[in-house]
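**Q** Protein chains in written order, with the working numbering: chain A, 1 to 231; chain B, 1 to 232.
Heads up, the beta-carbon is just placed ideally off N, CA and C, and yes, glycines get one too.
Quantities reported herein were computed from a predicted structural model and do not represent experimental measurements.
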Amino acid sequence: MASTEPAVVCSGLVRRYGERRALDRIDLTLQQGQTLVVFGPNGAGKTTLLRVLSTLLRPSEGEASLLGSDLRKEGWKVRSQIGFLGHQSLCYGDLTARENLHYHARLHGINDAAARIEAVLEQTELSGRGDERVFGYSRGMLQRLAICRAVLHEPQLLLLDEPRSNLDPAAIEQVEPLIGAAVGRTRVIASHDPAGGLAEADLVLGLRNGAATLLAPAAQVSTEQIAELYR
Amino acid sequence: MSATRPPSTLSATHAVLYKELTLERRAPQTLTAMALFCASVFVIFHFALDRNEIEGALAAGVLWVTLTLAALLGIGRSFVADREEGGLDGFLLAPAPRTALLIAKATTLLIFLLIVGFFAALIFSVLLLGPTPNATQWASLALLILLADLGIALVGTLIAGIAIQTRARDLITSILALPLLIPLLIAVTKASEPLLSVGGGTLAGRWLALLGLYDLIFGLLAYALFDYLVED
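Right under this line is the structure:
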């Protein structure tokens, strides 16, 4: 795979739920190492876009490729390079945090999983409670654990749906080395925070009813333009 | 940076199976519900039939209808933990072979069915069964339970894989599973009948062959279809 290949390319991407178009002809190109922040009101299609890019949903029409692999035909190729953080933790309540991470480490075929698990638990300050069952965790702890899971296999591309929701300021700082811009990974982030989102974006996508109403480099976008999406 | 390599089917199967058994060990809901269901139904039959002992076709029918309905409880709960907090998505996001999920889920269900099957056979022999089977008949019955449970586990996992993607998942399980299990139920009931009769009898080879063929067909079907069922 050439290192200069775009990380994400969408061309006429459509995703339907029945008759409704949750994504309506999305075109975008995101280069490796860049951050795309997706804004839009509830139901605009942000989560659907992330789920299509993560291979959890198939495109109904159009093309999408990640790191040079066609999502329709070669989704299996890119799964090891994607870290997905959605609204759910994807962890089992009756397993401990360590057990959950070991399970995901085995599914990703991570060598030296124990050291990596300890490193992410330490980073998110969950190490001390890593042997507790997850059902007793607060929403914030669950979000931190979900971030640990998403970055466990050190993916090249992060797909993050409101990654800082439920996190207090201290926790936001803790997870920064895992999902922040400094990590240097390509990121697609769904956000409702115009100022915060714009600050970390290289490219901004505004969605409304599934359609792209705004696609521009972050330097050319104002917070007022983003706020307009929600009116 | 940690090195990663997509896991083999065996490794991914082991990971899912270990997770499934750990979850059941921590919160033993499925096995308990299935075992209690069987015991309750046998007690109900004991009084409803107003007989202390049954044998032959009636005994085979009562035993296998009870086990099949108990299996529906297990099938219905196959993916419950995966729905909560999106565990199934966690598996689908990994570069693990989808077949691993089928094998692990079917094996988990088979283990539960075998445990419940042998527990139910014991309770049944105490509460309802007239003749006491000899060692050979018990061995034959064990073989039948193994073959029938394998078929139920394969069909059940396939159906559970369909149901998880639908909103009417609780209805889908019963509506689809029972018709598909009819051939198996006929074969295993017919095969069990002589083993549960006064005077005893031997296992008929043709019913065993039919059960084996059923398991093979649904094993191949599940292998061919499961990937498409669990993905979008």
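(1) If I'm right that A/L66 touches A/L157 with Cβ under 8 Å, what's the distance once you round it to whole angstroms?
(2) Provide the residue(s) that pair with A/E63 in DSSP beta bridges, ordered along the chain.
(3) To the nearest angstrom, how far is the alpha carbon of A/D27 from that of A/S80?
(4) Which chain B residues are close to A/S89, counting only those with a beta carbon under 8 Å from its beta carbon?
(5) If you reduce the DSSP assignment to three classes, tell me which class B/L128 lands in.
(6) Using a C-beta cutoff of 7 Å, does A/I110 count as contacting chain B?
(7) Taking all protein chains shown into account, decide if A/M1 is buried (16 or more other Cβ within 10 angstroms of its Cβ) or exposed.
(8) Would B/V230 and B/G156 be called neighbours here (beta carbons separated by less than 7 Å)?
(9) Where DSSP assigns a beta bridge to A/T186, which residues make up the other side?
(10) Using the three-state DSSP reduction, which class does A/V204 fall into: helix, strand or coil?
(11) Strictly under 7 Å for the Cβ-Cβ distance: is A/G131 near chain B by that measure?
(12) Which same chain residues, not among the five before or five after B/T189, have their C-beta less than 7 Å away from its C-beta?
(13) Could you compute how far the alpha carbon of B/D227 sits from the alpha carbon of A/A181?
(14) Would you please verify whether the beta carbon of A/Y103 is less than 7 Å from any beta carbon of chain B?
(15) Extract the residue ranges of the alpha helix (DSSP H) inside the region 97-143 of chain B, only unbroken runs of 4 or more that lie entirely within it.
(16) Taking Cβ-Cβ distances below 7 Å as the criterion, which residues of the region 86-112 of chain B are in contact with chain A?
(17) Under 7 Å, Cβ to Cβ, is there at least one residue of chain B near A/Y92?
(18) From A/L244 to B/A222, what distance separates their C-alpha atoms?
(19) Could you check the C-alpha separation between B/I175 and A/G184 for me, to the nearest Å?
(20) According to DSSP, is A/S69 part of a helix, a strand, or is it coil?
(21) Whole angstroms are fine: how far does the CA of A/R149 sit from the CA of A/A22?
(22) Between B/A100 and A/A219, what straight-line distance do the alpha-carbon atoms span, to the nearest angstrom?
**A** Reading from the atomic positions:
(1) Beta-carbon to beta-carbon, A/L66 and A/L157 are separated by about 6 Å, close enough to satisfy the 8 Å threshold.
(2) A/S11
(3) If you take the alpha carbons of A/D27 and A/S80, they lie about 24 Å apart.
(4) Within 8 Å Cβ-Cβ: E85 and G86.
(5) coil
(6) yes
(7) Because A/M1 carries a pLDDT of 45, less than 50, the predicted location of this residue cannot be relied on, and no value is offered for it.
(8) No, these two residues do not count as a Cβ contact at 7 Å.
(9) A/L157
(10) strand
(11) The displayed chain sequence assigns Asp, not Gly, to residue 131 of chain A. Closer than 7 Å: no.
(12) Exclusion of the five residues before and after B/T189 leaves A60, G61 and W64 as the residues of its chain whose Cβ lies within less than 7 Å of its Cβ.
(13) Distance between the alpha carbons of B/D227 and A/A181: 36 Å.
(14) yes
(15) 98-127
(16) G86, G87, D89, G90, F91, L92, L93, A94, P95 and A96
(17) yes
(18) The shown model of chain A, from 1 to 231, leaves out residue 244 of chain A, and the question about it has no answer.
(19) 51 Å
(20) Judged by DSSP in its simplified three-state form, A/S69 adopts strand.
(21) 27 Å
(22) Rounded to the nearest whole angstrom, the CA to CA distance from B/A100 to A/A219 is 46 Å.
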